[in-house]
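Novice: Top to bottom, those sequences are chains X, W and G.
First residue of the first sequence? That's 0 in the numbering used here, and the numbers climb one at a time after it.
First residue of the second sequence? That's 3 in the numbering used here, and the numbers climb one at a time after it.
First residue of the third sequence? That's 604 in the numbering used here, and the numbers climb one at a time after it.
We put the CB at the ideal spot given by N, CA and C, even for glycine.
This is the structure I want to talk about, given as structure tokens.
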Amino acid sequence: MSIILSALQYLGYILIFPGFLFCFLGGMLLCGIDRKIVAKMQKRVGPPVLQPFYDFFKLCGKETIVPAAAAKTTFLMAPLVGLAALVVIQLFIPVFHFSAFSGMADIIVILYLLLIPALSIIIGGAASGSPYAGVGLSREMVTVIACELPLVLVLLAVAKTVGSALGTGLCFSLTEIAAYQAANGSLILRASMIPAALAFLLVIPGETGNHPFDAAEAETEICEGMLAEYSGPPLAVYKLSHAIKMLTLTSLFVALFLGGIGGKIVNILALLGLTGGAAGALGVLLGAVVLFLLCALITIVCISLVHAATARLKIEQIFKYYWTVVSALALMSLVLAWYGL
Amino acid sequence: MSMLSYQHFPIYAIMSLFLGAFLVVMLGKNRAVRNALAFISVSASLGFLLALVKRVMIDGEVIAYWMGGRVPAGGYAIGIALEVDALSLFFGLLIAVAVFVSCVYSFSYMSHDDNVREYYTLFLMLAGGVMGLVLSGDLFNMFIMVEILTFAAVALTAFRNTAAGALEAAFKYLVVGCMGSTCILVGTVMLYAQAHTLNFAQLSALIAGDMNTATKVAFALLFIGFSTKAFIVPFHPLAADAHGAAPASISVLISGVLTKSGLYGIIRLTYFLFQSMGLGSMQFLLVFVGSLSMFICVTMALAQHDFKRLLAFHSISQIGYVLTAAGLCTAMGISAGLYHAMNHTIFKGLLFLAAGAVLHQTGTTDLGRLGGLSKRMPHTTVLFLIGAFSISGIPPFNGFASKWMIYQATYMKAVESGNIGFLLVTIIALVTSVLTLASFVKVSQSVFFGRLPAEFENVKEVPFGMRFAMGIFALLCVVTGLFPNLVTNYLTKPAAAAVFSVGNYIDSMMGAGYAESVMAAPPAAPVITYTELGCWDPVSWLLILAIALLAVTIVALAGKYDRVSLRPAATDAKHDLFFGGEESVYSQVGGGDLFWGFKHNWRHYFGFMHDLHSGIVNDYALWALVALALALLFSLIVL
Amino acid sequence: MILLNYIASFFLIALGFYTIVTKYNLVKTVIGLCIADYGVNLLIITIGFNPGGTAPIFTWNELNPQSFFVDPIPQALTLTSIVIGACVTAMSLALVIKLEEQYGTLDTREIRRLRG
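What follows is the structure, encoded as structure tokens:
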């Protein structure tokens with residue numbers, strides 16, 4: 000009986016929260032908010048916030064065209080693998096006091112799982128056989144390489160900071176990082192972690208392929224690169240993946256740097272109107288809401304505002320920027336953390 | 003001791019290969035007989051080693067075998083010995099499996115060549131040489147085996163001597179390889195002059211407590227000698243040349259087996275013979291050389307235009323990982339290194355076989371000429387992708403599990419020793435991994451995806467035998483990735499424990515109590531803690547599977563996902579054109595230029611490296627000499 | 604005299620390596636390999652040599668604690684090493700012949716199709 004119950008519970012995690020449904024709703028809403036804010040910044044009216052949902056369902060109703068030059072199975076399966084990987088990452092990221100799969104949430108796993116969505120779009124694009132996709136995947140791969148170094152440095156800095164605070168030397172477990180922040184306050188409040196947080200904020204638009212780091216999908220030059228040949232439901236899945244990636248990266252930021260603050264907000268909200276047995280479920284719900292709000296805030300700061308304020312960079316500029324400026328920021332944090340500051 | 007006693011199995015495992023080599027050349031006129039003989043000898047070798055797994059790996063027994071029953075007399079080991087501890091057996095198993103699969107692959111792959119009889123002879127000699135090296139308990143015997151395997155490898159590199167560069171590659175390899183062998187021989191006799199024995203265990207006991215100038219020089223010579231066999235920097239250009247020219251089935255052996263023999267030699271040398279891994283300087287040496295190999299070779303791979311040369315550089319890059327992990331001198335580091343060594347044999351074997359399949363069907367490995375083969379060779383494509391994901395460390399394939407352990411081991415070492423240099427190693431390892439992924443994206447785009455050139459319009463899938471061989475490796479990639487606990491418990495942990503129990507190794511050979519009585523201080527068995535910081539849990543992979551299934555269902559349910567549209571009619575113009583509609587313009591980005599954005603920023607580095615790898619044998623010999631000089635300096639001043 | 608042997612052997616090894624590095628003719632490279640090999644053989648023999656010792660050839664009855672002979676093991680090693688050296692020379696010369704046929708030259712600076 001208990002096995003069935005726990006199976007149901009895990010199924011709930013995967014399907015509803017923090018799994019598929021949450022990813023779908025949260026990602027799409029973030030995408031809508033982003034578009035609205037950018038439009039406002041550019042003195043346009045912009046689409047309604049729910050526009051990404053409309054786009055998604057409309058695309059799902061369209062015909063799927065497979066180019067004659069494409070490798071069919073790979074072409075159609077690639078989007079789904081990327082989507083699955085993103086949902087898995089979301090399952091691993093703890094939501095303040097709650098984490099669905101606590102044992103497995105390891106920073107290096109996340110680092111590698113984050114490669115899979117990029118890889119899926121690259122392989123999918125390659126399988127389409129289109130020259131535009133060829134250019135696009137080349138740029139996408141370079142962007143991934145560019146982002147990898149600062150990301151690695153940031154994650155190692157966090158691991159070292161939390162590890163030395165806990166006395167274990169290093170700590171790769173996201174759950175422990177979240178627990179540490181719940182007890183001792185957010186990492187962003189430490190001086191040594193501020194450069195790392197900044198670096199991570201700068202990595203987010205690069206990882207999601209948002210402006211100004213969207214050379215890989217530059218619509219005006221290479222017709223969205225890897226997506227050039229996609230249509231119908233597979234394209235919808237890629238659009239969804241892009242939206243979820245925004246949610247995933249921002250919630251990773253929350254988990255790494257803002258855990259304490261978010262936890263406090265949840266606690267305060269929970270105290271306001273709470274008695275009895277519904278505490279657990281309501282706590283999770285509140286956690287979801289707070290997480291989403293924080294994600295939205297970060298999205299606005301590091302995706303929308305940056306988008307509206309900058310022009311697209313060339314690919315070699317992207318690479319140079321990440322491996323110099325952003326990496327230097329992250330490295331600063333790592334060195335500070337190393338010497339225990 | 004009866005003939006079937008397990009004590010004899012190691013020598014049987016070696017002799018079945020050598021015997022096969024001679025029988026093939028004598029009786030192998032007929033193709034079926036030849037194949038049967040080769041198959042029987044490699045299977046027998048594998049079988050004998052598998053029969054030892056329970057005793058050596060699980061019960062922890064060390065098999066000491068004296069040829070002709072000449073046990074040590076008067077405290078001196080005069081006879082020739084084989085000694086099989088868990089480390090030897092671990093490498094022996096890797097070799098046996100790689101040889102087995104490569105042999106199966108060869109049946110189809112070599113079917114169009116001349117002189118296949120000689121091919122199998124050399125093949126089995128190479129396999130026997132490496133097997134003899136890792137199972138041997140005698141330093142001079144190791145040298146003999148090194149010579150046999152170098153010879154066989156050189157001859158096999160030049161086997162297709164009409165192919166471009168085959169002779170050239172073989173000659174370069176022969177020159178530098180022989181310089182390495184000479185170093186090993188000089189090192190061996192210098193140790194003999196000090197200790198008057200060639201038995202590995204006895205040498206370990208006698209040398210470790212008594213390091214003088216001569217033994218230090220011997221160390222440098224032996225280290226450089228085994229480095230040439232492992233192809234680590236600065237010997238990597240030889241590997242690239244040899245791999246590019248040799249038949250794919252031999253590339254599997256060179257990368258999966260020959261480099262392992264070098265690695266095995268280095269581990270035996272540093273951990274056993276000189277027992278100097280406790281020194282920070284020794285750790286620095288191995289980690290430095292390993293990281294250098296890791297990084298230089300991955301960047302060299304990014305610049306390659308040839309499928310097999312690219313794979314060759316990656317091979318050395320991965321060997322760099324293994325060496326780095328082994329150089330940490332922690333239980334976790336050794337486990338991680340051995341795990342990665344095993345995975346390297348598997349995924350590199352798979353990738354070389356895939357490259358061989360492409361070569362077999364198209365006649366070229368030039369990345370600039372190939373393209374779009376996934377439509378013609380779908381199975382090979384899938385198998386190649388499995389190998390590519392494994393080597394890039396994408397979960398849940400095996401590369402991820404071992405790389406994860408390597409990152410954790412290096413980072414733990416950095417934290418424990420407080421040395422920021424090890425932190426740098428972690429970062430290099432992580433960045434190298436993504437560069438590896440990048441170059442495999444390049445290969446998949448240039449060979450399997452993109453547009454199919456007209457000349458390859460009629461290419462067919464490879465015969466079943468070749469796909470079967472690749473399938474074995476692919477299956478191993480997945481299995482060893484999904485069950486890391488089994489691998490660590492039954493393979494790498496016993497082998498890692500063996501690395502740290504030198505005293506037991508010596509006593510098993512020379513009689514109980516010998517190590518303590520001879521060495522100045524009894525060998526302190528270091529405390530081994532196997533705290534692996536949370537290992538990759540395959541449950542996560544099941545999660546991915548479940549969610550992928552779910553996503554498939556959702557997409558399938560969402561609207562008009564009708565299957566008819568998946569099979570476009572050939573005449574339907576809608577499916578002909580790309581979005582831009584420029585049918586006649588074929589603008590696929592070529593292999594080497596794919597990562598222009600990356601290479602542009604590093605153009606000075608790439609230009610420098612390109613000029614440095616001049617292809618002149620004198621230059622490579624000079625590198626070898628410089629490396630030797632540096633090793634001598636290091637050994638005399640620092641050690 | 605022993606010292607001279609050691610000096611000579613290491614000089615030969617160094618000379619062999621020097622030849623390999625500096626000479627651009629394939630045949631000279633092979634000669635370099637041979638010279639290094641001779642150096643090693645001399646070294647091994649020297650290591651086993653005891654001044655005044657007899658040849659290590661005895662039957663069981665002849666051998667007694669007073670017997671003074673040179674160390675037989677290095678001699679066995681030398682034999683093996685000589686055989687291997689001959690193989691190296693044969694193999695490399697075979698490759699040189701084939702290379703000359705294919706490239707039309709013996710100059711190592713022109714035999715560099717594989718590079719970069």
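At least one CB of chain G closer than 8 Å to the CB of residue 243 of chain W: is that the case?
Specialist: In the second sequence, residue 243 of chain W corresponds to position 241, counting from 1. So yes, residue 243 of chain W belongs to the interface.
Novice: Within a Cβ cutoff of 6 Å, which residues of the same chain sit near residue 379 of chain W, ignoring the five residues on either side of it in sequence?
Specialist: Translated into positions along the second sequence, residue 379 of chain W becomes position 377. Closer than 6 Å at the Cβ level, and outside the excluded window around residue 379 of chain W, lie 463.
Novice: Quick check on residue 177 of chain W - is its C-beta less than 8 Å from some C-beta in chain G?
Specialist: Working through the second sequence from its first residue, we reach residue 177 of chain W at position 175. So yes, residue 177 of chain W belongs to the interface.
Novice: Which same chain residues, not among the five before or five after residue 54 of chain X, have their C-beta less than 7 Å away from its C-beta?
Specialist: Within the first sequence, residue 54 of chain X is the residue found at index 55, counting from 1. These residues qualify, in order along the chain: 238.
Novice: Could you spell out where the beta strand (DSSP E) holding residue 65 of chain W opens and where it closes?
Specialist: As a position in the second sequence, residue 65 of chain W is number 63, starting the count at 1. 65–68 is the span of the beta strand (DSSP E), which, as asked, contains residue 65 of chain W.
Novice: Once you ignore the five residues that flank residue 125 of chain X on each side, which residues in its own chain have a CB closer than 6 Å to its CB?
Specialist: Against the first sequence, residue 125 of chain X aligns to sequence position 126. Counting only Cβ-Cβ distances below 6 Å, and skipping sequence neighbours, we find 136.
Novice: Any heavy atom of the ligand SAM closer than 7 Å to the Cβ of residue 602 of chain W?
Specialist: This structure simply doesn't include the ligand SAM, nor any ligand for that matter.
Novice: In chain order, what residues of the same chain lie with their CB nearer than 8 Å to the CB of residue 604 of chain W, ignoring the 5 residues before and after it?
Specialist: Counting from 1 along the second sequence, the entry for residue 604 of chain W is found at position 602. Cβ neighbours of residue 604 of chain W beyond the five flanking positions: 301.
Novice: Nearest to residue 626 of chain W by CA position, among W:179, W:140, W:22 and W:159, is which residue?
Specialist: By 1-based counting over the second sequence, the position of residue 626 of chain W is 624. Ranking the options by Cα distance to residue 626 of chain W, first place goes to W:179.
Novice: Report the three-state DSSP secondary structure of residue 491 of chain W (helix, strand or coil).
Specialist: For the purposes of this step, residue 491 of chain W is taken as the residue at position 489 of the second sequence. Here residue 491 of chain W sits in helix by DSSP.
Novice: Helix, strand or coil, according to DSSP, for residue 14 of chain W in the structure here?
Specialist: Here residue 14 of chain W refers to the residue found at position 12 when the second sequence is read from its first residue. It is helical.
Novice: Skipping 5 residues on each side, what residues in its chain have a beta carbon closer than 7 Å to that of residue 634 of chain G?
Specialist: Residue numbering aside, residue 634 of chain G sits at position 31 when the third sequence is read from its first letter. Cβ neighbours of residue 634 of chain G beyond the five flanking positions: 622.
Novice: Tell me which same chain residues have a C-beta within less than 7 Å of the C-beta of residue 128 of chain W, skipping the five on either side of it?
Specialist: Locating residue 128 of chain W in the second sequence gives position 126, counting from the first residue. Excluding positions up to five away in sequence, the list reads 151, 154, 155, 158 and 255.
Novice: Are residue 695 of chain G and residue 647 of chain G touching if we call contact CB-CB under 8 Å?
Specialist: For the purposes of this step, residue 695 of chain G is taken as the residue at position 92 of the third sequence. For the purposes of this step, residue 647 of chain G is taken as the residue at position 44 of the third sequence. In this structure, residue 647 of chain G does not lie closer than 8 Å to residue 695 of chain G by Cβ.
Novice: Measure how close the beta-carbons of residue 299 of chain W and residue 362 of chain W come, nearest whole angstrom, since I'm counting them as under 8 Å.
Specialist: Within the second sequence, numbered from 1, the residue matching residue 299 of chain W stands at position 297. Within the second sequence, numbered from 1, the residue matching residue 362 of chain W stands at position 360. With 8 Å as the limit, residue 299 of chain W and residue 362 of chain W do not qualify as a contact, their Cβ atoms being about 26 Å apart.
Novice: Check whether the Cβ of residue 627 of chain G lies closer than 8 Å to any Cβ atom in chain W.
Specialist: Walking along the third sequence from the start, residue 627 of chain G turns up at place 24. Taking Cβ atoms only, chain W reaches closer than 8 Å to residue 627 of chain G, which makes this a yes.
Novice: Taking Cβ positions only, does residue 620 of chain W come closer than 8 Å to chain G?
Specialist: Locating residue 620 of chain W in the second sequence gives position 618, counting from the first residue. Chain G contact via Cβ: present.
Novice: I'd like to know if residue 677 of chain G contacts chain W, where contact means its C-beta is closer than 8 Å to some C-beta of that chain.
Specialist: Here residue 677 of chain G corresponds to residue number 74 of the third sequence, with the count starting at 1. With 8 Å as the cut-off, residue 677 of chain G counts as an interface residue toward chain W.
Novice: What span of residues does the beta strand (DSSP E) with residue 208 of chain W cover, start to end?
Specialist: Counted from its first residue, the second sequence places residue 208 of chain W at position 206. No beta strand (DSSP E) contains residue 208 of chain W, which is instead part of the alpha helix (DSSP H) from 202–210.
Novice: Going by beta carbon distance, what residues of the same chain come within less than 7 Å of residue 633 of chain W, once the five residues before and after it are set aside?
Specialist: Position 631 of the second sequence, counting from 1, holds the residue named residue 633 of chain W. Excluding positions up to five away in sequence, the list reads 222, 225 and 226.
Novice: Along the segment 180–195 of chain X, what residues have a CB closer than 8 Å to any CB found in chain W?
Specialist: Result list empty, no residue passes.
Novice: Grab me the residues of residue 177 of chain W's own chain with a C-beta within less than 8 Å of its C-beta, minus the 5 sequence neighbours each way, in chain order.
Specialist: The count along the second sequence starts at 1 and reaches residue 177 of chain W at position 175. Only 619, 622 and 623 meet the Cβ criterion.
Novice: Assuming residue 638 of chain G and residue 618 of chain G make a contact with CB atoms under 8 Å, what is their CB distance in whole Å?
Specialist: Residue mapping note: residue 638 of chain G aligns to position 35 of the third sequence, counting from 1. Residue mapping note: residue 618 of chain G aligns to position 15 of the third sequence, counting from 1. The pair is a contact, with the Cβ atoms about 6 Å apart (cut-off 8 Å).
Novice: Determine, using beta carbons only, whether residue 650 of chain G and residue 677 of chain G come nearer to each other than 8 Å.
Specialist: Position 47 of the third sequence, counted from the first residue, corresponds to residue 650 of chain G. Position 74 of the third sequence, counted from the first residue, corresponds to residue 677 of chain G. The answer is yes: Cβ separation under 8 Å.
Novice: Start and end of the alpha helix (DSSP H) containing residue 79 of chain W?
Specialist: Within the second sequence, numbered from 1, the residue matching residue 79 of chain W stands at position 77. Looking at the DSSP string, residue 79 of chain W is not in any alpha helix (DSSP H), and its letter there is neither H nor E.
Novice: Ignoring anything shorter than 4 residues or poking outside the segment 167–197 of chain W, list the alpha helix (DSSP H) runs there in chain order.
Specialist: Correct list: 168–197.
Novice: Cβ closer than 7 Å: which chain W residues qualify as neighbours of residue 143 of chain X?
Specialist: Within the first sequence, residue 143 of chain X is the residue found at index 144, counting from 1. Within 7 Å Cβ-Cβ: 436.
Novice: Please state the DSSP three-state secondary structure of residue 16 of chain X.
Specialist: Indexing the first sequence from 1 puts residue 16 of chain X at position 17. DSSP places residue 16 of chain X in coil when its eight states are reduced to three.
Novice: Quick one: is residue 217 of chain W near chain G, going by C-beta distance under 8 Å?
Specialist: Working through the second sequence from its first residue, we reach residue 217 of chain W at position 215. No, residue 217 of chain W lies away from the interface with chain G (no Cβ there is under 8 Å from its Cβ).
Novice: So, with DSSP's three-state summary, where would you put residue 672 of chain G?
Specialist: Taking the first residue of the third sequence as 1, we reach residue 672 of chain G at position 69. In the structure shown, residue 672 of chain G sits in a strand (DSSP, three-state: E or B).
Novice: Closest to residue 334 of chain X by C-alpha separation, out of X:81, X:232 and X:156, would be which residue?
Specialist: If you number the first sequence from 1, residue 334 of chain X lands on position 335. If we check each option's Cα against that of residue 334 of chain X, X:156 comes out closest.
Novice: Using a Cβ cut-off of 8 Å (strictly closer), state whether residue 173 of chain W contacts chain G.
Specialist: For this step, residue 173 of chain W is matched to residue 171 along the second sequence. Chain G, which has a Cβ nearer than 8 Å to the Cβ of residue 173 of chain W, makes this yes.
Novice: Applying the 10 Å Cβ sphere with the 16-neighbour rule, what's the burial state of residue 115 of chain W?
Specialist: Mapped onto the second sequence, residue 115 of chain W falls at position 113. Flag for residue 115 of chain W reads exposed.
Novice: Can at least three beta-carbon pairs, one atom from the segment 11–31 of chain W and one from the segment 130–137 of chain W, be found at a separation below 8 Å?
Specialist: Taking 8 Å as the limit for Cβ pairs, the verdict is that the segment 130–137 of chain W does touch the segment 11–31 of chain W.
Novice: For residue 77 of chain W, tell me which candidate among W:203, W:87 and W:28 has the shortest Cα-Cα distance.
Specialist: Position 75 of the second sequence, counted from the first residue, corresponds to residue 77 of chain W. Out of W:203, W:87 and W:28, W:203 has the C-alpha closest to the C-alpha of residue 77 of chain W.
Novice: Can you check whether the C-beta of residue 111 of chain X is within less than 8 Å of a C-beta belonging to chain W?
Specialist: Numbered from 1 along the first sequence, position 112 holds the residue referred to as residue 111 of chain X. So yes, residue 111 of chain X belongs to the interface.
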